[in-house]
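These notes are about the structure you will find just below.
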Amino acid sequence: MELNAKVYVAGGQTLIGAAILRRLERAGYVNIVGKADEEPPPSDPAQVEAFFARTNPAYVFLVSGDSGGIAANQKYPAQLMLDNLLTECIVIDNAHRYGVKKLLYLASSCVYPRNCPQPMSEGWLLTGPLEPTNEAYALAKLAGIKLCQAYNHQHGTKFISAIPANAFGPGDDFSPEDSHVIAALIRRMHEAKNGSWEAVDVWGTGSPQRDFIFVDDLADACLFIMEQYCEKQQPVNVGGGGVYSIKELAELIKRVVGYRGELRFDRTKPDGMPLKVLDSSVLNGMGWKSSTPFGTALRATYDWFLQAGQTARPANVP
Ligand code: GFB
C-alpha cells in the first residue's frame, strides 16, 4: 500500500475506523478519501456508489456497521443485522465494480460457535451453533466474510477478512446500557466514585472470560494485515494477547478509576459466551503482536473518557 495510494476507511467515525485513520495518518498516508463529513452513509447505495465513482479508492478498510454490547445485541438484533448486511453488501459490491485493489473486512469474534474449543482458531468457523445473545449480528458478520470470499471466487478480487477480539479504547461508546463491558464499567465506576456509592453492579456472574484488544493495537494490525496478509479464502484472527475474567477486569478498572466500593454481581443479567479467546498464532507467526500493556490501555481509555467521553455521542446504536 503505497503512501500516496487512495485509501478509504468505510466506518471512519466508529471506534475502530477512527483508530485506523489515526494510524494511517501517523504512517504518512496523504491520500485518504471519505474522512469525516465526506464519508457517505455506508448503508445508502446511491451515495456510496457516487462516492466510489468520484474518488476511486485503491484500498478499502471496511469497518462500518452498527455494533454494541450484549444488551444492545438483545434489544436491537434486527437493526444490527440489517445495518451490517446492508453496509457490507453495498461497500463490497462497489469495491468490486470500481476496481479496488485490496479490501480488508473486519468481522467480530462472535462469529465463532458458542461452544468452540478455546483458543478459537480460524478453522472452527461454522462448525456449531452461535451464542444466542448475538446470533443476528454474528450471522451478518459471517455473511460479510463469505461475501468477500464469494467475490474473490467469482470475480478474482482481493478481499480479505480479519476477526478481532473485543476492542476498546479512546473514542469508545460509553452509553450506560448499550456499550461494551469496558466502557460501561469505566463509566459506572467513575459515577460511583463521584457519587460515593457503596457498590457498583457488574452484569452476570463475573466468570466469563474475554480476549480484549486495545483499539490502537487493532488499527496497527489492520495496516499490517492489509500489507502482508494475502490468504483470500481464510480470515485471520487478531487477539489482544491477554485473557481476563469479567471479575478480574472489574477489579482492574476499579483500580484505574480509583473507586473504593464493592462489586456486586447481578446474576439476572446475561453472561453471554462463557469463554471467548482468539488463537492468533497465524498473525503472530507472520510477525505481528499487540504491544500495549492492558493496564496502560485501560488508563488511556479512562483518560479519554474524562476529557471527552462523558459528553460524547453514544456511538453505534439508536
Ligand atoms: O462487552 P460485552 O457486552 O460483550 O460483555 P460480549 C462482556 C461480558 O461482560 C458479558 C459482562 O459477560 C457481560 O455480561 N458485563 C458485566 C457487562 N457488566 C457489564 C456491563 O455493564 N455492560 C456490558 N456490556 N457487559 C459482544 C457481542 O458480546 O461482543 C457483540 O454482543 C460483539 O456482538 C462484541 O461481538 C465483540 O463479548 O458478551
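Numbered by our numbering, the letters in the sequence shown go through residues 1 to 318 in order.
Ideal placement from N, C-alpha and C gives every residue a C-beta, glycine not left out.
query: By Cβ distance, which residues of its chain are closer than 7 Å to Thr301, with the 5 residues on each side in sequence left out?; result: Phe168, Gly169, Pro170, Asp172, Ile182, Ile186
query: Who are Lys75's beta bridge partners in DSSP?; result: Answer is none; Lys75 lacks a bridge partner.
query: Kindly examine ligand 1 and report whether one of its heavy atoms sits closer than 7 Å to the Cβ of Asp217.; result: no
query: What did DSSP end up calling Asp220 once you bin it into helix, strand or coil?; result: helix
query: Does the beta-carbon of Pro119, which I'm using as the reference point, lie nearer than 7 Å to any heavy atom of ligand 1?; result: no
query: Find out if the Cβ-Cβ distance for the pair Ala107, Asp178 is shorter than 8 Å.; result: no
query: Under 8 Å, do Val60 and Val100 count as touching if we go by C-beta distance?; result: yes
query: Excluding the 5 residues preceding and the 5 following Gln13 in the sequence, name in chain order all residues of the same chain whose CB lies nearer than 6 Å to its CB.; result: none
query: Quick one: grab the DSSP three-state call for Pro45.; result: helix
query: Run through DSSP, which three-state label would Phe159 get?; result: strand
query: Taking the alpha carbon of Ala5 as the point to measure from, which residue in Ala18, Val33, Arg23 has its own alpha carbon closest?; result: Val33
query: By the three-class DSSP mapping on this structure, what secondary structure does Asp37 have?; result: helix
query: Could you pull the start and end residues of the alpha helix (DSSP H) that Asn284 belongs to?; result: 281-286
query: For ligand 3, any of its heavy atoms closer than 7 Å to the Cβ of His190?; result: Ligand 3 is not part of this structure, which contains only ligand 1.
query: Does ligand 1 have a heavy atom nearer than 7 Å to the CB of Leu130?; result: no
query: Look at the alpha carbon of Arg299 and the alpha carbon of Gln307, and state the distance between them as a whole number of angstroms.; result: 12 Å
query: Verify whether the separation of the beta carbon atoms of Lys247 and Gly195 is less than 8 Å.; result: no
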